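For the numbering used here, count along the sequence shown from 1 and bump the result up by 170.
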Amino acid sequence: MTDEDNRSKNIEEWLQKNIVDFSDPNSDEASSLITEVKFLKNTLPAQFRSAFNSQYSTLTEWIKTKDIVSTLTETEKIQIYESGIDQKNFLKNLKTRHKYLKNLYLITFLASRSDSPKINAIRSLYFFLCLKMVELTDYDSRIETTLDECRFLTSNIREFLVPFLPDITQFESLRHIQDNLIQAQNNDNYTRWLNNSPDTFESEIKRYGSKLLDKNTLFPSSDARNDINERIAQYLYEYVLPIENYFKNVSGITRITSTTYQVVSGPSYYDDTTGNTFSDLVNIFELTPAVKS
Numbered sequence: 171m172t173d174e175d176n177r178s179k180n181i182e183e184w185l186q187k188n189i190v191d192f193s194d195p196n197s198d199e200a201s202s203l204i205t206e207v208k209f210l211k212n213t214l215p216a217q218f219r220s221a222f223n224s225q226y227s228t229l230t231e232w233i234k235t236k237d238i239v240s241t242l243t244e245t246e247k248i249q250i251y252e253s254g255i256d257q258k259n260f261l262k263n264l265k266t267r268h269k270y271l272k273n274l275y276l277i278t279f280l281a282s283r284s285d286s287p288k289i290n291a292i293r294s295l296y297f298f299l300c301l302k303m304v305e306l307t308d309y310d311s312r313i314e315t316t317l318d319e320c321r322f323l324t325s326n327i328r329e330f331l332v333p334f335l336p337d338i339t340q341f342e343s344l345r346h347i348q349d350n351l352i353q354a355q356n357n358d359n360y361t362r363w364l365n366n367s368p369d370t371f372e373s374e375i376k377r378y379g380s381k382l383l384d385k386n387t388l389f390p391s392s393d394a395r396n397d398i399n400e401r402i403a404q405y406l407y408e409y410v411l412p413i414e415n416y417f418k419n420v421s422g423i424t425r426i427t428s429t430t431y432q433v434v435s436g437p438s439y440y441d442d443t444t445g446n447t448f449s450d451l452v453n454i455f456e457l458t459p460a461v462k463s
């Protein structure tokens, strides 16, 4: 078996495990999810398709083999394709069989279609970046985090981040997106937010609270400006890492070392979709050489 065959097999097995195997075989769950996968495939801006040629081809063939067992009518498929999955009822049914949805990160991502073309373009691009990481192997944690971060854009967990993310349809390459994100990390995003929403800025900051500010930080203050700029930069970095991994084009775990980290966790949030509580990673201090992320 060639390396290309192995890479395709990795993607096929990952999709099978995370979509089909987790779905109820006596329902149209898998068919609905595959319809959303088709939407993401077709939403990928044309200028990026050459960058994901092998993943695009593998995904196209996989969809063909699974679509034939669909229990949905063509009208139902069209409705899902155009409007997305009915997230509330879909996840409610899932929870009758799965007490915890954390392991169903691909399914919860697929069920989180946005009304915003900007967000859906981002969802599509990062879905393909995840397929690339599936090919490379050993990026399971990064894939889960990436899909969760994209899903959070459609909820109050991360919706405030959307204006600071690029409109990827306006860029010609992944390098350009990467450069834009890195530049955005260094911007004074506090002032940008204030200038864009002067009348609602204070209420918005208070609404998101601990997602943006340390619990001991007074608002408004210079410390608040620093907190908000740092948090936004950290959240943006989650979108830089998958692109970095794409260009590394190597396996995620390359060596075992005696790496020591000091991990500082941020505030805990409740994820309404999965029922899980999670903490943001505020800082990592690298003390010795580390494995690749």
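Beta carbons are placed, not taken as given, at the ideal position from N, Cα and C, and that holds for glycine. Just so we're clear, the structure is a prediction, and the values are computed from it rather than from any experiment.
Worksheet item: For residue 241, which of helix, strand or coil comes out of DSSP?
Response: coil
Fill in: Pairwise C-alpha distance: residue 293 and residue 184
Answer to the nearest angstrom: the Cα atoms are 18 Å apart.
Worksheet entry | Residue burial classification, residue 152 (beta-carbon count within 10 angstroms, cutoff 16) | Residue numbering for the chain in the displayed model covers 171 to 463; residue 152 lies beyond these limits and cannot be assessed.
Worksheet item: For residue 195, does the count of other Cβ atoms within 10 angstroms reach 16, so buried, or fall short, so exposed?
Response: Its Cβ having fewer than 16 others within 10 Å, residue 195 is exposed.
Worksheet item: From this set, 299, 391, 328, which residue's C-alpha is nearest residue 284's C-alpha?
Response: Checked all of 299, 391, 328; the closest Cα to residue 284 is 328.
Worksheet item: With a cut-off of 8 Å, do at least 3 Cβ pairs link the region 186-205 to the region 230-244?
Response: yes
Item to complete: Taking 7 Å as the cut-off, decide whether the C-beta atoms of residue 323 and residue 332 are in contact.
Response: In this structure, residue 332 lies closer than 7 Å to residue 323 by Cβ.
Worksheet item: In terms of alpha-carbon separation, which member of 381, 379, 280 lies closest to residue 470?
Response: With the chain represented from 171 up to 463, any question about residue 470 goes unanswered, as that position is not in the structure.
Discussion item. Check this for me: beta carbons of residue 359 and residue 334, under 7 Å apart or not?
Written reply: It is a contact, given that the beta carbons lie within the stated cut-off.
Item to complete: Determine the contact status of residue 422 and residue 308, defining contact as a CB-CB distance below 7 Å.
Response: yes
Worksheet item: What whole-angstrom Cβ distance do residue 225 and residue 319 have, given they're in contact under 8 Å?
Response: Rounded, the Cβ-Cβ distance is 19 Å, inconsistent with contact.
Worksheet item: Can you find at least 3 beta carbon pairs, one from the region 200-208 and one from the region 247-256, that sit closer than 8 Å?
Response: yes
Discussion item. For residue 416 and residue 295, which I take to be in contact (beta-carbon distance under 8 Å), what is that distance rounded to the nearest angstrom?
Written reply: 10 Å between Cβ atoms; not a contact.
Item to complete: Select from 317, 269, 375 the residue whose C-alpha is nearest the C-alpha of residue 390.
Response: 375
Worksheet item: For residue 388, is the classification buried or exposed, using 16 other Cβ atoms within 10 angstroms of its Cβ as the cut-off for buried?
Response: Looking at its Cβ environment, which holds fewer than 16 other Cβ atoms inside 10 Å, residue 388 is exposed.
Worksheet item: Looking at the structure shown, is residue 235 part of a helix, part of a strand, or coil, going by DSSP?
Response: helix
Practice prompt. Taking only the alpha-carbon atoms, compute the straight-line gap between residue 269 and residue 313 and give it to the nearest angstrom.
Written response: Each residue's Cα considered, the two are about 22 Å apart.
Worksheet item: Among 357, 315, 301, which one has its Cα closest to the Cα of residue 232?
Response: 301
Worksheet item: Near residue 177, which residues of its chain fall below 7 Å by C-beta distance, leaving aside the five closest residues on each side in sequence?
Response: Excluding its 5 nearest sequence neighbours in each direction, residue 177 has C-beta neighbours in its own chain below 7 Å: 224, 305, listed in chain order.
Worksheet item: Assuming residue 198 and residue 241 make a contact with CB atoms under 8 Å, what is their CB distance in whole Å?
Response: Distance from residue 198 to residue 241 at the Cβ level is roughly 4 Å; contact confirmed, criterion being Cβ atoms closer than 8 Å.
Fill in: Buried or exposed (CB count within 10 angstroms, at least 16 for buried), residue 361
exposed
Item to complete: Please report the Cβ distance between residue 229 and residue 181, rounded to the nearest whole angstrom; I am assuming they are in contact, meaning their Cβ atoms lie under 8 Å.
Response: Your pair residue 229 and residue 181 checks out as a contact, with CB atoms roughly 7 Å apart and the cut at 8 Å.
Worksheet item: Using a Cβ-Cβ cut-off of 8 Å (strictly less than) and excluding sequence neighbours within five positions of residue 190, which residues of its own chain qualify?
Response: 200, 236
Practice prompt. Identify, in the order they occur along the chain, each residue of the same chain with its Cβ nearer than 8 Å to the Cβ of residue 274, setting aside the five sequence neighbours on each side.
Written response: 188, 192, 264, 268, 444.
Item to complete: Kindly provide the ranges of any alpha helix (DSSP H) runs that are 4 or more residues long and lie completely inside the region 239-327, ordered along the chain.
Response: Here the runs fully enclosed are 244-253, 257-265, 275-280, 287-306, 310-322.
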